[in-house]
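Q: Encoded as structure tokens, here's the structure I'll be asking about.
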Amino acid sequence: MVATSAGIVETLAGLKAMGARGIPLRGDSGMLVPVGYGDLDDPAAIALLARWRDQAADAYLARSPVTAEGTANWLRRGVLGTPDRVLFWVTEPSGRRVGHLGLFRHDPGTRSIELDNVVRGEADGAPGIMTLATEALCQWCLRRDDIKSICLRVFSDNHRALKLYARAGFAETMRRPLVRHETADGWKWEEAPELYREPVARHFVTMRLTKSAARGPVFSIVMPARNEEGNLPRAHAELTRAMEALGEPYEVLLVDNASTDGTGKLAEGICARDARWRYLRFSRDFGVETSMLAGLRAARGDATVVLFSDLQDPPELIGEMAARWREGFDVVYGVVNRRGGEPWWKALGARLFYRIMRAAGETPLPADATDFRLLSRRAREAVAACGERNRYFRGLSHWVGYPSRAFRYDRRPRTAGVSKAPPFYMMALAARALTAFSLAPVHLLGLAAMAAFLVATGCTALWALGPGTGPLGITGPVALQWWTLASVLAAGWTCGEYAGRTYRESRQRPEYLVEHAIRWDNAGESGGRMTVETAAPAPVRFSGYHTPRDPSPAINLPGRQRPAWAPPTRC
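Numbering (our numbering), first residue to last: 560 to 1130.
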């Protein structure tokens, strides 16, 4: 919570002063820059506001000809001259203005304020930037002691805006019917009279965001990649289509395992166009398991999906996974029916591996399960908190023991690039999984030691009876060799038992080193180390709310009344 020595009105007045500090968007994806008195003397700024007001005429209650002079008067009197009103430019990292939004009508009695003038002015602005701008401004307000809730009004037929506000956590509180009236130079919408009996085509929807409802992305997509320049553009297109169909806010965490092709450049371009994407590049190839670890630790969503950038696992199945998650399952994992395009040795090796793990592993693993899976927040946090270096993601996600559910699908063949899992890598992965979740090899060594001891005891007994007493012809050197073999096996078994239990905790090197990061807030934390500093400072992150002990005193504005649209007791 921000301790506010100045009230909201005084704070807004300071924002409108020249040179006022802006509000950064999450992940260094842009900035909210206050519109100040200096913009009144900037013809380009006035022209830009006039153009945006004209093209967004349907978002206003009244329509009349838009002129530069009228826009300047509106800015001077309606915004800068109103104590409890402020307007912000929404700017991209380059400084380009792509839209605006503002605050209006502070009500000290209910400690509420209204969000208004949310307009995307440039259609080619970064996707998702207006959502991030709305989120940043709402969090800035709700961190204050003197703001308890944020209200807004939007037309009922503005479905895109309704979806945007719902994603930010706003909930509808009321609807008022509107009637359109023609005027001399345009038209205006007015609230329908109490006895109005005709059908209405439009309503004014009042929505409210409280401190408890403010939230971040619902889904986090962790996408490991290495040398995937042929697949990355298609991955962006398919994943965007699949996630927008769900209608929930999301983020994509692309983890580049030190690619040597153009993957990095493509990723930077995608992040520049789409503010929902975040990017992390390792200093060298630390392996796919480490890539998933970095993504899990940085994810912020209520549910996290691991999806490889080769797109052999279809992104459109995320909707099915989300449905299972909403049923109450913490781990929703894919099971392959057919492995499209994979060589016979890989399919055979996978079957053999899973059967060995089911027989010898401490944690049973479902046959033919893949890394394509969804984890709930508590499952993700549990898996990410496991401190072992010898990681096996599929095993850990089942080891946590939370309710899980499988779904079957056909894996698609690659359309570009080559597999990053050659035979020796698959063998190393199998060895990692076996040693991470089983001490069976050490136990087999112990069984072999016991068998050698039995044979040695038998040989000693036969030798003690004297030469020529049996057909085996056991001599002293033969018995001694068996005792030596049994001792060596027993020593190896004992050392292996202790080493197998301490190995997981003994290595303390960082899991990965970071070369470059975009919007990756904790690149230098949680086990990873920065080797090259990012240029932008870490964004301000919301850290929670508490009930103020001494709330700011109410501010009475002369001549201003409580907003007529506000419900009597709820806002």
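C-beta: ideal position from N, C-alpha, C; glycine also.
Less than 8 Å separating the beta-carbons of I672 and I582?
A: For the 8 Å CB-CB criterion, I672 and I582 do not form a contact.
Q: The alpha helix (DSSP H) spanning D613 covers which residue range?
A: P602 to Q614
Q: Which of the three DSSP states is assigned to L754 in this structure?
A: The answer is coil: DSSP assigns L754 none of H, G, I, E or B.
Q: Hey, quick one: how far does the alpha helix (DSSP H) through C697 stretch, first residue to last?
A: Counting along the chain, the alpha helix (DSSP H) containing C697 begins and ends at I688 to L701.
Q: Specify whether the segment 745-761 and the segment 804-819 touch according to this definition: at least 3 beta carbon pairs, one from each stretch, less than 8 Å apart.
A: Judged by Cβ distances under 8 Å, the segment 745-761 makes no contact with the segment 804-819, as fewer than three pairs qualify.
Q: As a quick exercise: from G654, A576 and L639, pick the residue whose alpha carbon is nearest that of A831.
A: G654
Q: On a Cα-Cα basis, can you pick out the residue from P874, T822 and E810 that is closest to E797?
A: P874
Q: Assuming F966 is part of the beta strand (DSSP E), what are its boundary residues?
A: S963 to R970
Q: Between the C-alpha atoms of A572 and P642, what's the straight-line distance to the nearest angstrom?
A: 7 Å
Q: On the DSSP letters alone, give me the boundaries of the beta strand (DSSP E) that W648 sits inside.
A: V645 to T650
Q: Could you give the first and the last residue of the continuous alpha helix (DSSP H) run that contains I829?
A: In the DSSP assignment, I829 falls within the unbroken alpha helix (DSSP H) covering T822 to R832.
Q: Using the C-alpha atoms, what's the distance from P1069 back to L805?
A: 37 Å
Q: Taking only three categories from DSSP, how would you classify E681?
A: coil
Q: Tell me, please, which residues DSSP counts as bridged to W1179.
A: Nothing about residue 1179 can be read from this structure; the chain reaches only from 560 to 1130.
Q: What span of residues does the beta strand (DSSP E) with R761 cover, start to end?
A: First-last of the beta strand (DSSP E) with R761: R761 to T769.
Q: Can you check DSSP and say which residues form a bridge with F714?
A: F763
Q: Kindly identify the DSSP beta-bridge partner or partners of P624.
A: P624 is not bridged to any residue.
Q: Between the segment 837-853 and the segment 754-770, are three or more C-beta pairs nearer than 8 Å?
A: no
Q: At the level of alpha carbons, what is the spacing between I709 and C700?
A: 8 Å
Q: Whose C-beta lies closer than 8 Å to the C-beta of D778 among residues of the same chain, with five residues either side of it excluded?
A: With the sequence shown as reference, residue 778 is identified as Phe, and Asp is not the correct amino acid for it. Closer than 8 Å at Cβ, skipping near neighbours: M802, L805, E807, P808, Y809, E810, G860, D861, A862, T863, V864, I877 and A881.
Q: Could you tell me the alpha carbon to alpha carbon distance between E753 and F867, rounded to whole angstroms?
A: 58 Å
Q: Are there 16 or more other CB atoms within 10 angstroms of the CB of R740, so buried, or fewer, so exposed?
A: What sits at residue 740 in the sequence shown is His, not Arg. The residue is exposed, with fewer than 16 neighbouring Cβ atoms inside 10 Å.
Q: Which value, in whole angstroms, describes the spacing of the CA atoms of V678 and D598?
A: 18 Å
Q: Roughly how many angstroms lie between the CA atoms of E569 and F952, to the nearest whole one?
A: In this structure, the alpha-carbon of E569 lies about 52 Å from that of F952.
Q: For L866, which three-state DSSP category applies?
A: coil
Q: On the premise that D675 lies in contact with L639, defined as a C-beta separation below 8 Å, what is that separation, rounded to the nearest angstrom?
A: L639 to D675, Cβ: 15 Å. No contact.
Q: Out of P624, L646, P776 and V713, which one is the CA nearest neighbour of T690?
A: P776
Q: When DSSP labels each residue in this structure, what does W836 get in the three-state scheme?
A: strand
Q: By DSSP, does S1046 sit in helix, in strand, or in coil?
A: In the three-state DSSP reduction, S1046 falls in the helix class (H, G or I).
Q: What span of residues does the alpha helix (DSSP H) with I706 cover, start to end?
A: Neither: I706 is in no alpha helix (DSSP H) and is coded neither H nor E.
Q: Would you report the Cα separation of R964 and R883, rounded to the nearest angstrom?
A: 7 Å
Q: Figure out for me which residue from L574, R636, L1013 and H659 has the closest Cα to the Cα of R610.
A: With distances taken between Cα atoms, R610 lies closest to H659.
Q: Hey, how far is the Cα of F729 from the Cα of V713?
A: If you draw a straight line from the Cα of F729 to the Cα of V713, it is about 12 Å long.
Q: Of the choices I706, A725 and E879, whose alpha-carbon is the least far from that of L662?
A: I706
Q: Provide the residue span of the beta strand (DSSP E) that contains E1074, from first to last.
A: Y1071 to I1077
Q: Check this for me: beta carbons of P593 and V645, under 8 Å apart or not?
A: Yes, the pair counts as a contact, with Cβ atoms nearer than the cut-off.
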